[in-house]
Amino acid sequence: MATLTCDIVTPAKKLFTSECHMVVVPGVEGEMGFLVNHAQLMSTLADGTVRVLSDASTVAHRFALQGGYVQVTGDKVIILADRALPVEDIDLDDVRAKISAAEEEISKADDAADKNLAEVNLAWYRILEHAASTN
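Everything in the sequence shown is counted per the working numbering, starting at 86 for the first residue and increasing by one.
Below, the structure written as structure tokens:
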């Protein structure tokens with residue numbers, strides 16, 4: 086079986102690299118799936134979950150994702166994410182506590198920059214919550 090390489094990279098580090106059968110990403114106009122020999126592509130990603138399949142029906146890895154781009158070149162998928170985290174590393178209780186703290190931070194923010202940062206963090210925590218609760 087021919088495989089492709091999937092790399093997931095954040096500004097902080099290379100989070101993941103592996104050979105796989107298929108990669109499914111959240112695109113801005115819907116999910117996109119990539120198999121080996123896919124046409125070259127560069128696209129913006131939506132917030133959501135990346136699924137890495139080891140065969141036609143087995144999801145081997147899942148990652149929560151916030152923003153970024155995907156580049157496909159025949160035998161390689163590179164995901165450049167603003168934020169990403171393996172779903173199995175998500176602590177749902179901790180995420181829910183962070184959601185409450187971020188909501189409080191938004192309500193108490195004195196300036197637009199602080200409020201904006203808290204809103205971005207809240208969006209991330211909601212992505213994590215959704216990814217972990219649908220696991």
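Where a beta carbon is used, it is the ideal one built from N, C-alpha and C, also for glycine.
Neighbourhood of residue i by C-beta distance below 8 Å, restricted to the same chain and skipping five residues each side
{"i": "L138", "result": "C105, H106, M107, V108, V109, V144 and A145"}
{"i": "L120", "result": "L89, H106 and M107"}
Span of the beta strand (DSSP E) around residue i
{"i": "S142", "result": "No beta strand (DSSP E) contains S142, which DSSP labels as neither H nor E."}
{"i": "A87", "result": "Careful: A87 lies outside any beta strand (DSSP E) and carries neither H nor E."}
{"i": "H123", "result": "H123 to T129"}
{"i": "E104", "result": "K99 to C105"}
{"i": "P171", "result": "K161 to P171"}
{"i": "I113", "result": "The question names Ile, but residue 113 in the sequence shown is Val. It is not in any beta strand (DSSP E) - V113 carries neither H nor E in the DSSP assignment."}
{"i": "T134", "result": "G133 to L138"}
Own chain partners of residue i with C-beta closer than 7 Å, once the 5 adjacent residues on each side are dropped
{"i": "D140", "result": "H106"}
{"i": "K200", "result": "I191 and A194"}
{"i": "Y210", "result": "V180, K183, I184 and A187"}
Run of the alpha helix (DSSP H) containing residue i, from where it starts to where it stops
{"i": "D199", "result": "A197 to S218"}
{"i": "V180", "result": "L177 to K193"}
Cβ-based neighbour list, residue i, same chain, cut-off 6 Å, excluding 5 preceding and 5 following
{"i": "D132", "result": "Q151 and I212"}
Buried versus exposed, by CB contacts within 10 Å (16 or more), residue i
{"i": "K183", "result": "buried"}
{"i": "A216", "result": "buried"}
{"i": "G153", "result": "buried"}
{"i": "L130", "result": "buried"}
{"i": "V113", "result": "exposed"}
{"i": "T219", "result": "exposed"}
{"i": "A198", "result": "exposed"}
For residue i, the nearest candidate out of the options (CA to CA)
{"i": "D167", "options": "K193, V180, V205 and A197", "result": "V205"}
{"i": "A208", "options": "G112, V180 and V162", "result": "V180"}
{"i": "A124", "options": "K99, T158, D92 and A198", "result": "T158"}
{"i": "L100", "options": "R147, G115, E116 and N122", "result": "R147"}
{"i": "R136", "options": "S128, V162 and E114", "result": "V162"}
{"i": "T95", "options": "V155, Y210 and D178", "result": "V155"}
{"i": "A97", "options": "M127, T134, L165 and M86", "result": "L165"}
{"i": "N122", "options": "A198, D160 and L177", "result": "D160"}
{"i": "L177", "options": "D196, A149 and A203", "result": "A149"}
Can you find at least 3 beta carbon pairs, one from the segment 158-175 and one from the segment 186-194, that sit closer than 8 Å? no
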